[in-house]
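Undergrad: My numbering numbers the first residue of the sequence shown as 1 and each following residue consecutively.
Even glycine gets a Cβ: it sits at the ideal position worked out from N, Cα and C.
What follows is a structure written as structure tokens; I'll ask about it next.
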Amino acid sequence: MTSLAVMGVGRVGGEVAYLAAVLGLVDELVVYDVYKPLLRAQVLDLAHTGLDVAVSTDTEAMKTADIFVFAAGTPRSPDIKTRADLLEANLPVVRTCCRHLKNFAGIAITITNPMDVNNYGLWKLMEIEPGRCIGFGGQLDSARFDWLLHREGLAGPAFVLGEHGEHQVPVFSRTGLQVDLEHREAILGRLRNASMEVIGGKGGTVFGPAYHVVRLISAILEDRREVLPCSCIVDGEYGLSGCSVGVPARIGREGVAAIEEWDLDPWEQERMNAAGDFIRELARRFDD
Ligand SMILES: NC(=O)c1ccc[n+]([C@@H]2O[C@H](COP(=O)([O-])OP(=O)(O)OC[C@H]3O[C@@H](n4cnc5c(N)ncnc54)[C@H](O)[C@@H]3O)[C@@H](O)[C@H]2O)c1
Ligand SMILES: O=C(O)C[C@H](O)C(=O)O
Numbered sequence: 001m002t003s004l005a006v007m008g009v010g011r012v013g014g015e016v017a018y019l020a021a022v023l024g025l026v027d028e029l030v031v032y033d034v035y036k037p038l039l040r041a042q043v044l045d046l047a048h049t050g051l052d053v054a055v056s057t058d059t060e061a062m063k064t065a066d067i068f069v070f071a072a073g074t075p076r077s078p079d080i081k082t083r084a085d086l087l088e089a090n091l092p093v094v095r096t097c098c099r100h101l102k103n104f105a106g107i108a109i110t111i112t113n114p115m116d117v118n119n120y121g122l123w124k125l126m127e128i129e130p131g132r133c134i135g136f137g138g139q140l141d142s143a144r145f146d147w148l149l150h151r152e153g154l155a156g157p158a159f160v161l162g163e164h165g166e167h168q169v170p171v172f173s174r175t176g177l178q179v180d181l182e183h184r185e186a187i188l189g190r191l192r193n194a195s196m197e198v199i200g201g202k203g204g205t206v207f208g209p210a211y212h213v214v215r216l217i218s219a220i221l222e223d224r225r226e227v228l229p230c231s232c233i234v235d236g237e238y239g240l241s242g243c244s245v246g247v248p249a250r251i252g253r254e255g256v257a258a259i260e261e262w263d264l265d266p267w268e269q270e271r272m273n274a275a276g277d278f279i280r281e282l283a284r285r286f287d288d
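Encoded structure:
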């Protein structure tokens, strides 16, 4: 019996629950949303698929789920410039939702922005092992990086580390491509803005995040030990600590089985340092 708990079943949380059910990844869904009409609608809509998946709204049952997905809170609208600007709105949501998940025994996945900061907050508030708290965003940024490279007729392994935000770090040194610094900055600029056109056009990003979150869930449940760019609580890796930041993580049934230490070039390491400093400063809010 595999159980997936989803806190916040709006655009992304709802789609993750639906996809996990459709793909037969889980036997049970435990869903919750503070907005009761939406919660009721999502439960009914899932039931009307006729899929053989039990759906519950019992938050107590979240504590024993195999995977807990945190997607509750405010998303960006076009007038909210950066994901970090969501901290004031979403910090109380993290605090409220995690209060009753102390010592959660499964794997937690943070989606809500600012994701890296919130993943650190989830880890602190839930008091679980660092490797069982995974922040989602790097896979999506990497898919966007790959898409941008292809549009320029370039191709190569595309990974994005660092912050899921303004301080993201596309790892050009692993692409096998010679991209000069000016061109790197131009691509980084496009990466930073990649989601805004979607948000402006349809209210929020859905397909991209939900697809990659479900890939992450399946990597965990199937113990694939695949290397995925995820936000992890670091302890000296890449010279960073005291924060959760995007790094290449080997993902398996226990969560983060290992963090890979890649050789970064100076342009990349400088940006990793800036990402760590930026996230660490914001994450202090969870140290109170
Ligand atoms: N990490 C990523 O790659 C990524 C991708 C997409 C969206 N996001 C982030 O995920 C979050 C959700 O985005 P969305 O588009 O699904 O938003 P949404 O508004 O559609 O859904 C959020 C849901 O959270 C619920 N909620 C708010 N406070 C709650 C609480 N205290 N308890 C339970 N539920 C609560 C709301 O009622 C709403 O239904 C946002 O912060 C967004 O920026 C992150
Ligand atoms: O950009 C956002 O605010 C949503 C999400 O983090 C995304 O990258 O799609």
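Within the continuous alpha helix (DSSP H) that includes Tyr32, where are the two ends?
TA: Element bounds for Tyr32: not the alpha helix (DSSP H) but the beta strand (DSSP E), 28-32.
Undergrad: Got a sec? Which residues, its chain only, sit under 8 angstroms from Gln323 by beta carbon, not counting five neighbours each side?
TA: Within the shown structure, residues of the chain are numbered from 1 to 288, placing residue 323 beyond reach of any answer.
Undergrad: In angstroms with no decimal places, state the Cα-to-Cα distance between Ser3 and Glu182.
TA: Roughly 47 angstroms between the two C-alpha positions.
Undergrad: I'd like to check one pair, Glu268 with Glu237: are the Cβ atoms closer than 8 angstroms?
TA: No, these two residues do not count as a Cβ contact at 8 angstroms.
Undergrad: Run through the DSSP bridge pairs and tell me what Gln168 is partnered with.
TA: Bridge pairing for Gln168: Gly162 [DSSP].
Undergrad: Within the present structure, is the beta-carbon of Thr59 separated from the nearest heavy atom of ligand 2 by less than 7 angstroms?
TA: no
Undergrad: Check Leu228 in the structure and name its three-state DSSP category.
TA: In the three-state scheme derived from DSSP, where H, G and I count as helix and E and B as strand, Leu228 is classed as strand.
Undergrad: Classify Pro92: buried if its beta carbon has 16 or more other beta carbons within 10 angstroms, exposed otherwise.
TA: exposed
Undergrad: Can you have a look at Val34 and say buried or exposed, based on whether 16 or more other CB atoms are within 10 angstroms of its CB?
TA: exposed
Undergrad: Answer yes or no: the CB of Pro209 versus the heavy atoms of ligand 1, is any distance below 7 angstroms?
TA: At a cut-off of 7 angstroms, the beta-carbon of Pro209 counts as near ligand 1: some heavy atom of the ligand is closer than that.
Undergrad: Could you check what DSSP says for Val234 in three-state terms: helix, strand or coil?
TA: strand
Undergrad: Taking Cβ to Cβ, would you say Gly106 is nearer than 8 angstroms to Ile134?
TA: no
Undergrad: So the alpha helix (DSSP H) Pro209 belongs to, where does it begin and stop?
TA: 207-221
Undergrad: Relative to ligand 1, is the shortest distance from any of its heavy atoms to the C-beta of Met196 smaller than 7 angstroms?
TA: no
Undergrad: If we ignore side chains and look at the alpha-carbon of each, how far apart do Tyr18 and Ile109 end up?
TA: 16 angstroms
Undergrad: Give the single residue among Gly208, Gln139, Met1, Leu282 whose Cα lies nearest to the Cα of Asp52.
TA: Met1
Undergrad: Given a threshold of 16 other Cβ atoms within 10 Å of its Cβ, counted over all protein chains shown, does His291 qualify as buried or as exposed?
TA: Nothing in the structure corresponds to residue 291, since the chain is present only between 1 and 288.
Undergrad: Between Ile251 and the rest of its own chain, which residues show a CB-CB distance below 8 angstroms, the 5 nearest in sequence each way excluded?
TA: Ile134, Leu216, Ala219, Ile220, Arg224, Arg225, Glu226, Val227, Leu228, Cys230, Ala257
Undergrad: Can you tell me whether Pro114 is buried or exposed, with buried defined as 16 or more other CB within 10 angstroms of its CB?
TA: When all chains shown are included, Pro114 counts as buried.
Undergrad: Quick one: is the Cβ of Arg11 within less than 7 angstroms of any heavy atom of ligand 1?
TA: yes
Undergrad: Between Gly138 and Arg144, what straight-line distance do the alpha-carbon atoms span, to the nearest angstrom?
TA: 10 angstroms
Undergrad: Give me the DSSP bridge partner(s) of Val12.
TA: Its beta-bridge partners do not exist; DSSP assigns none.
Undergrad: Could you give the residue range of the alpha helix (DSSP H) that holds Thr96?
TA: 87-99
Undergrad: On the CB-based measure, 16 or more other CB atoms within 10 Å of its CB, does Thr64 come out buried or exposed?
TA: exposed
Undergrad: Does ligand 1 have even one heavy atom less than 7 angstroms from the beta-carbon of Leu140?
TA: yes
Undergrad: Less than 8 angstroms between C-beta atoms, sequence neighbours within five positions excluded: which residues of the same chain meet that for Val160?
TA: Hits under 8 angstroms: Gly138, Asp141, Ser142, Arg144, Phe145, Gln168, Val169, Pro170, Val171, Leu191, Pro229, Gly246.
Undergrad: Are Leu29 and Leu44 close, meaning C-beta to C-beta below 8 angstroms?
TA: The answer is no: Cβ separation not under 8 angstroms.
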